[in-house]
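Report on the following structure.
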Amino acid sequence: MDDINLTAYALLPAALVGTVLNWAVFYSIHKLKSFNHSFGFLLTNQTLFDALNSTSFLFYFCPMVLFDVPIMKQYSHHCGFVILLCSEISIMTHLAISFNRFCAVWIPYSYQSVFSNKNTKFLIAAILLFCVSVALFFYEKLCYLYYDEKIHFLTFSTSDLCSFIGWYGDFLKNASIVAFVVFMDILTVVKVRMITKKVESGINENAQNKMSSREMRFLKQTVAQGSVFMMELLAYFFVPQYTSNKMIVFFSTSFAWVAMHAADGSEKILVLSGKQSQDHVDEPDYSQLESSMNFMFLETSFLKPLAAFQRVQVAEHLPYFESHQVDPAFYKDSSNNVKYRRRARAHDVDIMLKLCLKQATAWGDQLKPFKKLSPVSKKNILAEYCLAFLLIDQGFKTAREADSGIWLLQNGSFMHSDYFFGLPYAAIDMESMKIKTQLHYNFVSDLLETVAKPFRRLEVDEVECAVLKILMLLKPSCSERAIYCGQEGVVAGLYSRCLDELMKHTME
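For reference, each letter of the sequence shown is one residue, going 80 to 587 in our numbering.
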């Protein structure tokens, strides 16, 4: 009766929770496109076997004890084999996930080749082949993990060989793997901290606090997860040797085993819920990194906030021109299609330059290396940078919206390589136009050929525009030498981080 009560009120709910959570995670991963990469494949594999582990307890072990089914007890070693096999695969996959994170931060440029989709699938197949082969030989041929009615939990057959296999093949092996996983995760956190130190001077204080809190949370999670796993192994192998109390033995063996996999499922649910909420806000960044570490990197991206800031600036273009009494430059029909654009005027260009200087300054202030400069140094950079900033915005708009031969300003007015295009006939003075038309043609044609055409051909998006603005700000060619003197490390860190995130963005 005690066995039935313990199973009904403790083990059965834990097994049910573990089964539901792990299968829910398994289903969710297949629904999230952002997991279609190396880490996602590994997490899927681990979740599948955690789910099978909990399911085996729920539909075999619990009914066997609750209903006292003799034939199920007779073949309980098959259930023990499945449970042990699932645990072995889960632990080995956890090791692979830890190594995945380790490589992502220590060898980022080789990560895609080391953990390509093909290599990851081969690694998963190797883990399955190894674990199944070892489990069949050790736990189906040499030794059994069966239900012992005297001690009321799964245990190895009582022989010297089985004791040896249980101690070295199960306990010491798994304990070593857990210790190594914790060690690698700590090294991963160390490297992440090194990376964030390079860029934290270039981001705002809130972002710094978020990054630090995620690092500490991941470190605590890693140590806690490893400690719990180690305690479960110690309890399973040692507690039954020192006590015969059924309650203590039950909670340190069967219940601890099931609860550990249920807790693993609940942890993944929390991670996935955070990831799903991210996906509804913006497109996911590159795989890449995690139990928590993968998402930590995604969340600490500084390209996404800057791309969002860029969208805010673009939305300010038309209201800014309107506030300076500039006539509307285009009209749209009821279908929201542009039916008319007017030629750019001198007033458009004047307001355009004021807007550009204002927004280029605001953009630069998003990066601390620029924000810390003296007003004179800022002016030296902005003297050339604001024009590059302007051309990036106009080139992107032209590539997306304009017809061939037309260059668009921020307010939608245009310049055409043909000087007379859109010019009222009455305003044309042929005698004074020869040099002007040639210069105008050269100017607009160069803009279209060197900016708009590459933007259109390469399908440059808003994130890549943000990268261009960042890189040109960090590598100015103004007359003042060493303008970022004293901030070289921060600038180099931001430059490297920007290129890394650009690589990840282009691979999506």
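For every residue, glycine included, the Cβ atom is placed at its ideal position computed from N, Cα and C.
Item: C-beta contact flag for Asn459 and Phe400 at 8 Å; Value: no
Item: C-alpha distance - Ala478 paired with Leu578, whole-angstrom precision; Value: 23 Å
Item: Beta-carbon proximity check, Lys548 vs Ile471, cutoff 8 Å; Value: yes
Item: Contacts around Tyr223, its chain only, beta-carbon distance under 6 Å, and the 5 residues preceding and following it disregarded; Value: His156, Ser236
Item: DSSP three-state assignment for Val417, whether helix, strand or coil; Value: strand
Item: Beta-bridge partners of Phe105, as assigned by DSSP; Value: Partner(s): none; Phe105 has no beta bridge.
Item: Endpoints, alpha helix (DSSP H) assigned at Leu121; Value: 117-135
Item: Proximal residues to Ala93 (C-beta, below 6 Å), its chain only, five neighbours per side dropped; Value: Val337, Ala338, Ala341
Item: Boundaries of the beta strand (DSSP E) in which Leu224 is found, first to last residue; Value: 224-227
Item: Whole-angstrom C-beta distance between Gln445 and Leu385, which should lie under 8 Å; Value: 6 Å
Item: Three-state secondary structure (DSSP) of Lys411; Value: strand
Item: Between the CA atoms of Ala89 and Asp343 - distance to the nearest angstrom; Value: 17 Å
Item: Counted within 10 angstroms of its Cβ, other Cβ atoms place Cys564 as buried (16 or more) or exposed; Value: exposed
Item: Contact set for Arg535: own chain, Cβ-Cβ below 6 Å, skip 5 residues either direction; Value: Ala478
Item: Spatial distance of Ile244 from Val213 (CA atoms); Value: 11 Å
Item: Boundaries (first-last residue) of the beta strand (DSSP E) holding Ile233; Value: Rather than Ile, the amino acid found at residue 233 in this sequence is Leu. Leu233 -> beta strand (DSSP E) spans 232-235.
Item: Residue nearest to Cys210 in terms of C-alpha spacing, selected from Tyr139, Gly572, Leu573, Gly248; Value: Gly248
Item: CA nearest to the CA of Cys141, picked from Phe334, Leu202, Ala258; Value: Phe334
Item: Residue range of the unbroken alpha helix (DSSP H) whose run includes Trp442; Value: 425-443
Item: Beta-carbon spacing of Val260, His173 below 8 Å; Value: yes
Item: Range of the contiguous alpha helix (DSSP H) that encloses Phe617; Value: Any property of residue 617 remains undetermined from this structure, which presents the chain solely from 80 to 587.
Item: Of the residues Glu167, Leu518, Ser255, Ser135, the one placed nearest Asn124, counting alpha carbons only; Value: Glu167
Item: Three-way DSSP call (helix, strand, coil) for Pro495 in this model; Value: Residue identity differs from the one stated: residue 495 is His in this sequence, not Pro. In this structure, His495 counts as strand in the three-state DSSP scheme.
Item: Sheet register partners of Ile485 (DSSP bridge); Value: His495
Item: Spatial distance of Leu550 from Ala441 (CA atoms); Value: 16 Å
Item: Integer Cβ distance of Cys165 from Ser135, believed to fall under 8 Å; Value: 7 Å
Item: Backbone secondary structure at Gln355 - three-state DSSP; Value: The predicted model places Gln355 with a pLDDT of 45, which falls under 50 and marks its position as unreliable; any figure quoted below should be read in that light. The answer is helix: DSSP assigns Gln355 an H, G or I state.
Item: Spatial distance of Tyr419 from Gln389 (CA atoms); Value: 27 Å
Item: Whether Val391 touches Asp427 by CB criterion (8 Å); Value: no
Item: Residue closest to Ala387, alpha-carbon to alpha-carbon, out of Ile203, Ile186, Val542, Tyr106; Value: Val542
Item: Endpoints, alpha helix (DSSP H) assigned at Arg576; Value: 567-586
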